[in-house]
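Scroll down for the structure; my scribbles are underneath it.
Number of protein chains: 4
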Amino acid sequence: MKYEFNAEREFDIIAIGRACIDLNATEYNRPMEETMTFTKYVGGSPANIAIGSSKLGLKAGFIGKIPDDQHGRFIESYMRGVGIDTSNMVVDQEGRKAGLTFTEIKSPEECSILMYRDEVADLYLNSSEVHEEYIKKAKILLVSGTALAKSPSREAILKAVGLAKKNDVKVIFELDYRPYTWKSVEDTAVYYALVAEQSDVVIGTREEYDMLENKTNGQNKETVDYLFKHSPDLLVIKHGVDGSYAYTKLGEIFKGQAYKTKVLKTFGAGDSYASAFLYALLKGKEIENALKFGSASASIVVSKHSSSDAMPTVEEIEELIAVKA
Amino acid sequence: MKYEFNAEREFDIIAIGRACIDLNATEYNRPMEETMTFTKYVGGSPANIAIGSSKLGLKAGFIGKIPDDQHGRFIESYMRGVGIDTSNMVVDQEGRKAGLTFTEIKSPEECSILMYRDEVADLYLNSSEVHEEYIKKAKILLVSGTALAKSPSREAILKAVGLAKKNDVKVIFELDYRPYTWKSVEDTAVYYALVAEQSDVVIGTREEYDMLENKTNGQNKETVDYLFKHSPDLLVIKHGVDGSYAYTKLGEIFKGQAYKTKVLKTFGAGDSYASAFLYALLKGKEIENALKFGSASASIVVSKHSSSDAMPTVEEIEELIAVKA
Amino acid sequence: MKYEFNAEREFDIIAIGRACIDLNATEYNRPMEETMTFTKYVGGSPANIAIGSSKLGLKAGFIGKIPDDQHGRFIESYMRGVGIDTSNMVVDQEGRKAGLTFTEIKSPEECSILMYRDEVADLYLNSSEVHEEYIKKAKILLVSGTALAKSPSREAILKAVGLAKKNDVKVIFELDYRPYTWKSVEDTAVYYALVAEQSDVVIGTREEYDMLENKTNGQNKETVDYLFKHSPDLLVIKHGVDGSYAYTKLGEIFKGQAYKTKVLKTFGAGDSYASAFLYALLKGKEIENALKFGSASASIVVSKHSSSDAMPTVEEIEELIAVKA
Amino acid sequence: MKYEFNAEREFDIIAIGRACIDLNATEYNRPMEETMTFTKYVGGSPANIAIGSSKLGLKAGFIGKIPDDQHGRFIESYMRGVGIDTSNMVVDQEGRKAGLTFTEIKSPEECSILMYRDEVADLYLNSSEVHEEYIKKAKILLVSGTALAKSPSREAILKAVGLAKKNDVKVIFELDYRPYTWKSVEDTAVYYALVAEQSDVVIGTREEYDMLENKTNGQNKETVDYLFKHSPDLLVIKHGVDGSYAYTKLGEIFKGQAYKTKVLKTFGAGDSYASAFLYALLKGKEIENALKFGSASASIVVSKHSSSDAMPTVEEIEELIAVKA
């Protein structure tokens, strides 16, 4: 099955949500307590997906709120530098800061992170800063779950989803669950379900779908039965090293394999997966091919130091797929 | 047209949201500054509707949070006393208080009110306190808009609506807009639209629909066109002394007249209207007849001192309709 | 011993802190749950003391913040009506409400109360609203402990005390401890001690001094030894029906008796005590005589329905003292 | 004049307040937006002073709250490593984070900083975590003004100062004013004055004393006249490159010169000044000599990359003084 998009749109993808700062350990093979130097990158799931998309040659835009400080200026300047339209990035006027993620690189299996997410600027994007005339220029609105964790960002997202539906923009919901900020598992499920039921495509790990359904050890079949009663017609459920599954409303099931690679750290895999998967869909590739694009992109990023700067080109992805074939 | 409900349910109506205290001026014809004595009643739109329904002989239940104090005990005891099932009313454990509404009775046209709504117990009902096994016992879930104004009550309502939809319980959305507590007009519209689109019946004034649509001077035709694209199949739009209109998805329009009466104060009209209108629908009456029930009930309550204690019986309503015919 | 004041001052007493609304049960001998009518009075310890002082013929002023609503206007109008200078009462501009105290009158021994103190206007008086030119017009600055419970009222009080000290205004600290609002017993003790150490006269119950000293079962002797190392030179410690003690830095001890009366309710006793005691001091009476004034005033107020409106005249107090002599 | 301390104490100095993380630009001569790598150090004025003191051979202790994360463990481990007693450092149990200060090193004159101070662990030290038995073991309690900016840290400091006074521990107040966190200039002045009036020694810049006195262009003479009416008997007022002045209650005035050096960045100067000045006082040196120690230490730290790790030894300080003599 191929997935259809509205061809007459200026932007391939507009992502909405957080754009933050990653501070990745410069020294390898040690816990963060002993890491003395950190390297700065742009981070945050929807920002990474926009960056990844732009590096793949898609026309990307971003809606979000950034601080009025040195970190905020770096974020906007970096994103603009890779070709993203930043005209709808709002500069916070109330002294809020960029979210931070410190990472250690202890071993390929162990990479603890330390997040600063209290009162960060991105969670203060509000509904009056989301504009219909911008959203309706896109083929895809990419929404990440973390932006639902708190008001007023939550209402900004709900409004954006409503506007996308009204204007025939495909809503892609990358579940991107992070425990920070959310107040309860019950409330998380309420908003995840509300947005998933209105989306066209949902992408997440098995654990993230369990969060959405407020259950443990959920089964893909139940998830698929439930969500296909609502708007979605394509669901991607990722099972880590066991690969990922794509389900269509027509009843098709596709399995994607993870590509083995020399892993430096694990973070960044999901965002690179999403950007390459969406790239392939937008380019009219078959879903099984899109799964390969996602896996290849993820395997490239986990072998490198950052989650954003390391996003691959189409050539790199295709080369890896060819080598592994 | 008659409206169909699931006959096999224990409760005719379960209302969810606030149950508060009204403190109505005992002395008439003076501003509140000069009012020295106040009489206590149960108040709050969904509580009033539950009380009104119970007085009309319906089996009613209530989901809400009340304080662990003298006012909370009065509320629960009064509601239980009129026959409401209070088993799902939760007692707050964190020292929160009952909402208060002081009223003056200056003249039939002028009755200013003074509300205490900061950190009130009813806005702290949370999603874990809303139970599927209870909601699925009802023919109707009655939701009032004010409960959406703030978390965690907001999430409790969103969950309740989701459970009602899942279990074939009709969702009746009484818009009940109050400016207190809401943070912005934009956000108000986001949540009102979200719930209205999922409801079966929506009841409100023209001004409340404008709030939902985030516009001014909205037209009934546009409202009807918009909402009938979603779940609702019956909309009631009230135009004050000019009467009210009921629209069905089948394209019918019914007009209801306001009954002239000796008005003591204006508050309480909407809740008495809703309870009698729903009573009539549940009893299988035609919609035009249900509009008469609503108007008659409203006209009785505005001639009396309270909004809850004054709720009429079926006989009083039918007598007024007969007299005015 | 007589107590000396600066004679050349326009105001006998300026009180600072809360002015609120009391809603006293109109019906006697029943719990609040069954009380259906409430009568409105001005309340709040420093407001009551200002009212009591004014009724005794003293020139009183008041510094505080009141809401911009019907209750706020009633408070200002009532206080102005009894002769208090209200020029330094600030009207809140952020929608905050008046504190409320509902009372029941169940029996002379049992009168539970229900307070609304969340985000009340009086706790939002801020330091920029306290003016040196006003405070320096007074013989006495009357401070009540409850105003220390939260910022910014806390800083307003600390500033006022500093200005009083700088301008030779006697600081009278009525401990007036209420558990609401305070976050911890430790913090309560920090601020009570800070202000008590800087005051000239401290008035409170034995239990309130224990709170100040962060101990249980404190002894008057220890309290006196501790506080006389700092600024105070007169301490009044009240032991309920066992009467009260006044201690001077010179080593004198005076005992005051409680006057037996027909008690209607217990609240209001402390404020009437303080206003009459201070009246007597200001009029140059001996301390033992001032203790009688305090006791007589308290015994009159507990036999009546309100705490403010019931404040006695000098004649009533002197008559009672004469009768009981 | 020499300054006397209680000789019979286990600790020379116990500092109380914040211990945070500095992230100093690794690359020089560029704005922070273009700085890609940051090096981690312990930071925060009282932590730096404790570290500086310990490196000078003093027995130092620290009271503060650190996060239960990688940064918190680094802070505690680093401070313990330089010889500080960390037994009264409390680990936060509510997910709060370490304060962060990102610095750029653009030029010796321009070094902008970017602070993360929202809801940081150090501001949540509370009064129940300050223990009399610990404080009374010290010759000096070193208090920094920033810890007064917010409750509950504010109350912890007020309690600590009260305990120090009660137990004959010298209170040294390093004004350390930072605009973050404080709500108003008026409130800042209230608390600065409250603590300064109770301290033995106050150290700050001319601008910081202006903040304390809530004035602009304050004169040293007025400051000295005001504070010597209260507890302080030694005041140090710093005038940047124009040097610093020490005033004693006996009327002495001493002037200290700044030592010229190759400046890398300006931050860290105040903390190194304070630790060396206090070291000299504790070692019984004359005040004019102590001023030299302060200046020499400051001039060493501003020529190096960090504010904590760069703290000099006694030998380095004495060598610089000798060279410059």
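Residue numbers (numbering that gives the first Met the number 0), protein chains in the order written: chain A, 0 to 324; chain B, 0 to 324; chain C, 0 to 324; chain D, 0 to 324.
The beta-carbon is built from N, C-alpha and C at its ideal position, and this holds for glycine as well.
Given the structure is predicted, the values throughout are model-derived calculations rather than measurements.
8 Å Cβ cutoff, residue i in contact with chain D
i	result
C/Ser-150	yes
A/Met-31	yes
A/Asp-186	no
A/Lys-39	yes
Exposure label - residue i; buried when at least 16 CB within 10 Å
i	result
C/Glu-109	exposed
B/Glu-207	buried
A/Asn-125	buried
C/His-70	buried
C/Pro-66	buried
D/Lys-259	exposed
B/Thr-222	buried
B/Ile-134	buried
D/Val-240	exposed
B/Ser-76	exposed
A/Tyr-27	exposed
A/Ala-275	buried
D/Thr-85	buried
CB contact below 8 Å: residue i versus chain A
i	result
D/Thr-36	yes
B/Arg-154	Looking at the sequence provided, one finds Glu at residue 154 of chain B rather than Arg. Yes - at least one Cβ of chain A is within 8 Å of the one on B/Glu-154.
B/Gly-16	no
D/Leu-122	no
B/Gly-255	no
B/Gly-373	In the structure as shown, chain B begins at 0 and stops at 324. Residue 373 of chain B is therefore absent and cannot be evaluated.
Beta carbon proximity, residue i to chain C, threshold 8 Å
i	result
D/Ala-192	yes
D/Gly-98	no
D/Glu-126	As written in the sequence, residue 126 of chain D is Ser, which differs from the Glu given in the question. Yes, contact with chain C.
Closer than 8 Å to chain B by CB, residue i
i	result
A/Lys-345	The displayed coordinates of chain A run from 0 to 324. Any statement about residue 345 of chain A would go beyond what the structure contains.
A/Lys-282	no
Partners in chain C for residue i, counting only beta-carbon separations shorter than 7 Å
i	result
B/Leu-141	The contacting residues do not exist; B/Leu-141 stays about 26 Å from chain C at best.
Residue i, enclosing beta strand (DSSP E) - first and last residue
i	result
C/Asn-23	19 to 24
B/Phe-37	36 to 42
D/Ile-62	59 to 65
Extent of the continuous alpha helix (DSSP H) to which residue i belongs
i	result
B/Tyr-208	205 to 212
A/Glu-317	313 to 323
C/Thr-265	No alpha helix (DSSP H) contains C/Thr-265, which DSSP labels as neither H nor E.
C/Phe-73	69 to 80
D/Phe-292	286 to 300
Partners in chain A for residue i, counting only beta-carbon separations shorter than 8 Å
i	result
B/Lys-339	Look at the range of chain B in this structure, 0 to 324, and you will see that residue 339 of chain B is not part of it.
Contacts of residue i in chain B (Cβ-Cβ under 7 Å)
i	result
C/Leu-113	Asp-68, Gln-69 and His-70
Within chain C, partners of residue i - CB distance below 9 Å
i	result
B/Glu-118	Asp-117 and Glu-118
Per-residue contacts from residue i into chain C (C-beta, under 8 Å)
i	result
D/Gly-144	Residues of chain C passing the Cβ test: none, with the nearest at roughly 15 Å.
B/Thr-25	Thr-36
For this session: Could you please tell me which residues of the segment 58 to 79 of chain D, in chain order, have their CB closer than 8 Å to any CB of chain E?
Result: In the structure shown, chain E cannot be found, because the protein chains are A, B, C and D.
Exercise. Is it true that the segment 75 to 91 of chain B meets the segment 99 to 117 of chain B, where meeting means three or more beta-carbon pairs spaced less than 8 Å apart?
Worked result: no
Exercise. Hey, is the segment 260 to 279 of chain D in contact with the segment 301 to 311 of chain D, meaning 3+ C-beta pairs nearer than 8 Å?
Worked result: yes
Exercise. When the Cβ atoms of the segment 29 to 38 of chain C are set against those of the segment 8 to 15 of chain C, are three or more pairs found closer than 8 Å?
Worked result: no
Exercise. Between the segment 147 to 163 of chain A and the segment 182 to 202 of chain A, are three or more C-beta pairs nearer than 8 Å?
Worked result: yes
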